[in-house]
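So the structure is just underneath, and the comments pick up after that.
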Amino acid sequence: MIILDRRAFLRAATVGVVSMLSPQSGSAANLIAKKFLALPPKKTPFITPNNQFYIVQCCGVQKVDVNNWSLPIAGLVEKPLRLTYVDFLKRPSIEKMVTLQCIDNEVSGELISNAVWKGVSLASLLQEAKPSDLAQDVIFYGADDYSDSIPLDRALNYDVFLAYQMNGVPLPKEHGFPLRAVVPGLYGIKNVKWLTKIELVGRDYLGYWQKKGWTDEGTIKVKSRIDAPGPYNTIKGNTTFRGVAFSGYSGIRSVKITFNGGQTWTPTRLLPTPSPYSWVFWEYEWKNPKPGNYQVAVKAEDKIGRSQTDFEARPFPDGTSGLHSIVTFVD
921 MIILDRRAFL RAATVGVVSM LSPQSGSAAN LIAKKFLALP PKKTPFITPN NQFYIVQCCG
981 VQKVDVNNWS LPIAGLVEKP LRLTYVDFLK RPSIEKMVTL QCIDNEVSGE LISNAVWKGV
1041 SLASLLQEAK PSDLAQDVIF YGADDYSDSI PLDRALNYDV FLAYQMNGVP LPKEHGFPLR
1101 AVVPGLYGIK NVKWLTKIEL VGRDYLGYWQ KKGWTDEGTI KVKSRIDAPG PYNTIKGNTT
1161 FRGVAFSGYS GIRSVKITFN GGQTWTPTRL LPTPSPYSWV FWEYEWKNPK PGNYQVAVKA
1221 EDKIGRSQTD FEARPFPDGT SGLHSIVTFV D
């Protein structure tokens, strides 16, 4: 199913329009859409400023006294560790650009942001602690009584790290100061903030959201969206469509666009990205469009062959899916 822009739907409800307008709507309906439903394009920076980065938490922003804080790494390990904030700052660091996305994010939603994170490799810490052969899961505990886990194999082999810096400055408290988990490829529920403890256990641990029926795997689905033009905008002549695509861990191979509701698809141009774990910006110059009403949609494919599905799914239990679509008028 192709999903029309949710912002436009909400705007429609506000002005009393009872149904979404299609490209085949009559002139009166078109006039209503152009006047009341048209929204400006999204202005999306490639690196999200810290004060614009999305914020979601279960139990409020936590205030941690870094002078009295330390992080134990315990459980099924031969050599338990305990590190202070200063200890982390002194250790060899890694810096990676990673896009994070909330599992509750709509297909066209804005609960997704991109930042450059600096911290310490989790694998290096676990190798120092020497996991037991019985260890199966790595649990992250937060100061907000939140917890979640990832398999030990992922912790050791998938560039997971513990970040103390975000876009060149210490982690803002809203984003997990003094230390948070950054888990490329998994939804935000796995990227635990305000870390207080890491524990290795010999079972499949169910965290805060898993106990409520949400996914334990947490793998990010392939998504793309249209940022410009905005929904129900009127264009004249050559116009550049642009947006973002993201697949989590594997990187985006292609984004295609349709102007006829999915009958035909055309490749867009992907802008270079410095990280396989970040979103990708795409562009398409639509040349000499004929006057009319168009249903425009995009779909993406990642580098391991996963394609964005047209099946519409709500956030529960493992994230949304569908194709983002807008209506565009050409005069």
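Numbers given in my numbering equal positions in the sequence shown, counted from 1, plus 920.
Every residue gets a Cβ at the ideal spot worked out from N, C-alpha and C, and that includes glycine.
- Per the C-alpha coordinates, the member of Arg-1189, Asp-1024, Asn-970 and Ala-1148 positioned closest to Trp-1129 is Asp-1024.
- Under the three-state reduction of DSSP output, Lys-1113 falls in the coil class, being neither helix nor strand.
- Take Tyr-1061, set aside five residues on each side of it, and the residues of its chain with a beta-carbon closer than 8 Å to its own are Ser-1067, Val-1112, Leu-1115, Thr-1116, Lys-1117, Ile-1118 and Glu-1119, in chain order.
- Around the CB of Gly-1212, fewer than 16 other CB atoms lie within 10 Å, so the residue is classed as exposed.
- Inclusion of Asn-1034 and Ile-993 in the CB contact set at 7 Å is not warranted, their separation being larger than that value.
- In the same chain as Arg-1162, and ignoring 5 residues on each side of it, the C-beta atoms closer than 6 Å to its own belong to Asp-1147, Ala-1148 and Glu-1203, in chain order.
- Counting only runs that start and end inside the segment 985–1014, the alpha helix (DSSP H) elements of at least 4 residues fall at 1005–1010.
- Residue pairing by DSSP places Glu-1048 opposite no residue, since no beta bridge is assigned to it.
- Sequence-distant partners of Pro-1237 (beyond 5 residues in either direction) whose C-beta falls short of 6 Å from its own C-beta, in its chain, are Gly-1133, Trp-1134 and Thr-1135.
- The beta carbon of Gly-1127 sits closer than 7 Å to those of Ser-1067, Asp-1068 and Ser-1069, all from its chain and outside the five residues before and after it, given in chain order.
- The alpha helix (DSSP H) runs lying completely inside the segment 1028–1099 and spanning 4 residues or more are 1042–1049 and 1072–1077, given in chain order.
- Ala-1165: member of the beta strand (DSSP E) spanning 1159–1166, first to last residue.
- Classified as exposed, Glu-1205 has fewer than 16 neighbouring CB atoms from the shown chains inside 10 Å of its CB.
- Between Glu-1026 and Pro-1235, the alpha-carbon positions lie close to 7 Å from each other.
- Under the three-state reduction of DSSP output, Asn-970 falls in the helix class.
- Gly-1212 has Val-1250 as its beta-bridge partners, per DSSP.
- Shown here, Gln-977 sits in coil according to DSSP, grouped into three states, outside any helix or strand.
- For a cut-off of 8 Å, the C-beta gap from Ser-1170 to Lys-1223 is around 5 Å, short enough to register as a contact.
- Bounds of any beta strand (DSSP E) do not take in Lys-1131, whose DSSP letter is neither H nor E.
- Bounds of the beta strand (DSSP E) holding Tyr-1204 are 1200–1206.
- Nearest in C-alpha terms to Asp-1065, of all of Thr-1184, Tyr-1152, Pro-1098 and Gln-977, is Gln-977.
- At the C-beta level, Pro-965 and Gly-1150 stay beyond 7 Å of one another.
- With a contact defined as Cβ atoms closer than 8 Å, Arg-1011 and Val-1040 qualify at about 5 Å.
- Secondary structure of Lys-1016 (DSSP, three-state): strand.
- Annotated three-state conformation of Leu-957 is helix, per DSSP.
- Here Ala-1220 has Val-1142, Ser-1144, Ala-1165, Ile-1172, Val-1175 and Gln-1228 as same chain residues with Cβ atoms under 6 Å from its own Cβ, once five neighbours each way along the sequence are excluded.
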